[in-house]
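Residue numbers (the working numbering): 565 to 788.
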Amino acid sequence: MFPTRRSLLAGTPLLVAGCVTREPRPVAALRPPVDPAYTALYAALDGEPFPVPAVDLSAIDPRFLRREVAYATAEPPGTIVVDPSARYAYLVREGGRAIRYGVGVGRDEAFNFRGAAVIARKAEWPRWTPTQAMIKREPQRYGPYAGGLPGGAGNPLGPRALYLYRDGGDTLYRLHGTTEPQTIGRMVSSGCVRFLNQDIIDLYARVPVGSRAVVLAASGTAAS
């Protein structure tokens with residue numbers, strides 16, 4: 565299901581709710597060769613109502629590609645743990661293992677949600693609506709979308725979204741896809757947690773509504 569460590573070594577020396585980017589940093593021009601197993605993992609997806617193109621893996625740091633890893637945590641299997649400092653999200657599995665995804669997080673620590681939440685809603689090709697705070701902060705940029713943007717290829721939430729709720733209320737933070745795959749592994753968004761589109765589709769299929777999610781503080785420890 566995932567490229568193995570052996571295959572990797574053989575193949576190469578190897579907001580809120582807005583969730584958009586201001587100015588992505590330039591991507592390094594040169595990357596090591598990509599393992600063919602990842603090419604298949606991040607190929608274009610058929611069967612979606614809108615295009616999900618293949619990921620240009622030359623623009624992604626290989627550290628942030630999906631893989632299964634050893635992961636020690638007190639969280640029960642099925643929990644999503646986001647570590648903003650490392651730019652990783654983990655789906656905890658049995659036996660001290662986890663599926664690890666590279667993510668993009670808020671460009672400022674103050675933008676990032678912290679603590680425990682529940683995935684109270686899931687959506688395919690979700691609608692995006694900027695918050696009132698975003699519109700007030702940048703009216704020319706976000707004002708035209710005050711009524712919302714329907715799901716589709718140009719929607720900044722991408723093909724899937726998982727909605728974080730706390731104490732029965734919407735935190736306005738989401739785990740979602742992206743129209744800017746080159747920003748994975750960076751601090752770029754307005755606070756939401758963005759995944760490569762193939763990765764958020766994978767995670768979406770694995771976690772039911774009601775799943776626990778924990779976003780760690782910048783230190784990598786659980787927030788109170």
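Yeah, the Cβ is synthetic: ideal placement off N, Cα and C, and Gly gets one too.
Remember, it's a predicted structure, so these values are computed and weren't measured experimentally.
Q. In whole angstroms, what is the alpha-carbon distance linking V616 and I764?
A. CA-to-CA, the gap between V616 and I764 works out to about 12 Å.
Q: List in chain order: all unbroken alpha helix (DSSP H) runs of 4+ residues lying wholly within the segment 704–780.
A: 761–770
Q: For L655, name the three-state secondary structure that DSSP assigns.
A: If DSSP states are grouped into helix, strand and coil, L655 belongs with the strands.
Q.
I need the straight-line Cα distance from D599 to F628, nearest angstrom please.
A. 13 Å
Q: In angstroms with no decimal places, state the Cα-to-Cα distance between A638 and V669.
A: 23 Å
Q) What residue does the beta strand (DSSP E) around I683 start on, and which one ends it? A) G679 to E688
Q) With 16 other CB atoms within 10 Å as the buried threshold, where does A608 fall? A) exposed
Q | Cβ-based neighbour list, L713, same chain, cut-off 6 Å, excluding 5 preceding and 5 following | A | W692 and N719
Q. What is the rounded straight-line gap between the Cα of K686 and the Cα of R730?
A. Taking the straight line joining both Cα atoms gives about 15 Å.
Q: Would you please state the rounded distance, in angstroms, between the beta carbons of R661 and A634? I believe it to be under 8 Å.
A: In this structure R661 is in contact with A634, their Cβ atoms being roughly 6 Å apart against a cut-off of 8 Å.
Q.
Just verifying my parser: in three-state terms, what is the DSSP assignment at I699?
A. In this structure, DSSP gives I699 a helical state, which the three-state scheme calls helix.
Q | Straight-line gap, D610 to A636 (C-alpha atoms, nearest Å) | A | 35 Å
Q: Can you tell me the Cβ-Cβ gap for G722 and T742, rounded? I've got them flagged as a contact below 8 Å.
A: Contact holds; Cβ gap of about 5 Å.
Q) Anyone know if the C-beta pair for F759 and Y665 falls short of 7 Å? A) In this structure, F759 lies near Y665, with their beta-carbon atoms less than 7 Å apart.
Q. Mind checking whether A680 and V778 have CB atoms under 7 Å apart?
A. yes
Q | For D610, the residue or residues it bridges with in DSSP | A | In DSSP, D610 forms no bridge with anything.
Q. Straight-line CA distance for P641 to A618?
A. 30 Å
Q. Quick one: what does DSSP say R691 is sitting in, helix, strand or coil?
A. coil
Q) So, using beta-carbon positions, are R724 and Y652 closer together than 7 Å? A) no
Q.
Assuming contact is defined by CB atoms lying nearer than 7 Å, are I683 and L726 in contact in what I supplied?
A. yes
**Q.** Bridge partners - Y665, DSSP secondary structure assignment
**A.** Paired residue(s): A653.
Q) Between R776 and W689, what straight-line distance do the alpha-carbon atoms span, to the nearest angstrom? A) 22 Å
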